[in-house]
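Residue numbers for the sequence shown follow the working numbering, beginning at 3 and rising by one.
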Amino acid sequence: MLGLAGSLSLLAGWRLYLCVLATGIAMHFGVPPLPDHLQSPQILANPWVMGAAEVATLAEFFADKVAWIDSAWHSVHTFIRPVGGALLTLAIVDSADPATQVIAFLLGGGATLLSHGSKAGSRAVVKVQTPVLILSGISEMDTKVRSFGFGADDYVTKPFRRKELVARIHAVVRCSKGHSQSVIKTGKEYAMLELLLLRKGTTLTKEMFLNHLYGGMDEPELKIIDVFICKLRKKLSHAWGGANHIETVWGRGYVLRDPDEKAEAA
Numbered sequence: 003m004l005g006l007a008g009s010l011s012l013l014a015g016w017r018l019y020l021c022v023l024a025t026g027i028a029m030h031f032g033v034p035p036l037p038d039h040l041q042s043p044q045i046l047a048n049p050w051v052m053g054a055a056e057v058a059t060l061a062e063f064f065a066d067k068v069a070w071i072d073s074a075w076h077s078v079h080t081f082i083r084p085v086g087g088a089l090l091t092l093a094i095v096d097s098a099d100p101a102t103q104v105i106a107f108l109l110g111g112g113a114t115l116l117s118h119g120s121k122a123g124s125r126a127v128v129k130v131q132t133p134v135l136i137l138s139g140i141s142e143m144d145t146k147v148r149s150f151g152f153g154a155d156d157y158v159t160k161p162f163r164r165k166e167l168v169a170r171i172h173a174v175v176r177c178s179k180g181h182s183q184s185v186i187k188t189g190k191e192y193a194m195l196e197l198l199l200l201r202k203g204t205t206l207t208k209e210m211f212l213n214h215l216y217g218g219m220d221e222p223e224l225k226i227i228d229v230f231i232c233k234l235r236k237k238l239s240h241a242w243g244g245a246n247h248i249e250t251v252w253g254r255g256y257v258l259r260d261p262d263e264k265a266e267a268a
């Protein structure tokens with residue numbers, strides 16, 4: 003029984019309500035058969051308890067799909083899961099032995115808390131998006147390839163110039179700011195952004211955009227470029243936190259500026 007109680011307490015740290023539901027179903031079908039003096043878990047076979055556990059299990063499942071709800075859910079359950087795991091463990095052990103009950107309560111709550119903590123820790127590792135830049139005196143290609151395979155964003159070998167290191171840090175930070183910021187674009191908007199990125203810092207005329215989009219066939223009026231740019235700016239501005247890096251060069255066209263260049267110019 004202590005082994006079963008320990009297993010339940012560990013599982014409760016991951017899915018408390020699923021454990022309650024599974025235990026209730028097991029009690030309903032009499033699996034495993036319990037001695038007469040261990041009938042406390044039978045309350046979990048109550049239809050109302052099983053129904054509430056089922057609803058909570060579904061809520062827990064869908065909470066994992068939304069980032070902010072998931073974070074709030076796990077923060078609240080840092081206090082709920084250890085208590086739930088301890089009570090589950092307490093219900094399974096012999097109620098006639100106070101010492102066993104105290105030990106089961108403490109170990110059950112502790113095991114559930116550790117299990118919950120390991121889950122929270124693994125989630126934190128997955129969610130961390132801090133860029134990694136490696137400084138090393140090893141210039142072997144195999145080492146570099148392994149480093150990139152393990153998740154490094156850049157690899158700089160010694161000796162290096164300070165300006166180059168600073169430039170690489172800025173580049174890695176710029177890339178990291180794009181995490182989880184998906185931008186839905188039409189085919190034309192994507193093609194325009196592609197051209198702006200390929201010719202970053204260069205003023206592009208509307209004629210150049212038209213040629214890139216339509217290849218000289220069935221070209222619409224030049225005003226369509228203004229419409230595309232306006233829509234593209236709005237979408238990118240939302241992803242960039244309100245910033246606008248597509249500048250209008252009056253009488254000439256549009257240019258995509260590097261954020262660092264704009265900051266230095268200011």
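Backbone N, C-alpha and C define an ideal beta-carbon position, used for all residues, glycine too. Small disclaimer: the values here were computed from a predicted structure and weren't measured.
- Query: For Ile-140, does the three-state DSSP call read helix, strand or coil?
  - Reply: Per DSSP, reduced to three states, the secondary structure at Ile-140 is coil, with no helix or strand assignment.
- Item | Element boundaries [alpha helix (DSSP H), containing Asp-228] | 225–241
- So Leu-200 is in the alpha helix (DSSP H); what residue range does that whole segment cover? 189–200
- Endpoints, the alpha helix (DSSP H) within which Leu-212 is located: In this chain, the alpha helix (DSSP H) harbouring Leu-212 covers 208–216.
- Message: Using only the alpha-carbon positions, how far apart do Ala-47 and Val-78 sit?
- Response: 26 Å
- Message: DSSP has Thr-2 in a bridge; who is on the other side?
- Response: Outside the displayed range of the chain (3 to 268) lies residue 2, so it cannot be described from this structure.
- Query: Is DSSP giving Gly-203 helix, strand or coil here?
  - Reply: coil
- What residue range is occupied by the uninterrupted alpha helix (DSSP H) comprising Gly-53? 49–65
- Message: Could you tell me the alpha carbon to alpha carbon distance between Pro-222 and Ala-245, rounded to whole angstroms?
- Response: C-alpha of Pro-222 to C-alpha of Ala-245: approximately 30 Å in a straight line.
- Would you report the Cα separation of Ile-136 and Glu-166, rounded to the nearest angstrom? Rounded to the nearest whole angstrom, the CA to CA distance from Ile-136 to Glu-166 is 14 Å.
- Query: Rounded C-beta distance between Ile-248 and Arg-235? I'm assuming under 8 Å.
  - Reply: 5 Å
- Span separating the alpha-carbon of Leu-195 from that of Val-174: C-alpha separation (whole angstroms): 20 Å.
- Item | Gln-103 versus Ile-171: straight-line alpha-carbon distance, rounded | Cα-Cα distance, rounded: 56 Å.
- Message: Could you tell me the alpha carbon to alpha carbon distance between Lys-160 and Phe-150, rounded to whole angstroms?
- Response: 17 Å
- Item | Classification of Pro-84 by the beta-carbon crowding that lies within 10 angstroms, buried from 16 upward | Buried, because 16 or more other Cβ atoms sit within 10 Å of the Cβ of Pro-84.
- Item | Per DSSP, the bridge partner or partners of Tyr-256 | Leu-206, Thr-250
- Item | Inter-stretch contact (C-beta, 8 Å, three-pair minimum) for the stretch 110–118 and the stretch 46–65 | At 8 Å Cβ cutoff, the stretches do not touch.
- Would Leu-197 pass as a contact of Val-257 if the rule is Cβ separation under 9 Å? no
- Task: Can you give me the Cβ contacts of Phe-81 inside the same chain, cut-off strictly under 8 Å, excluding the 5 residues immediately before and after it?
- Result: none
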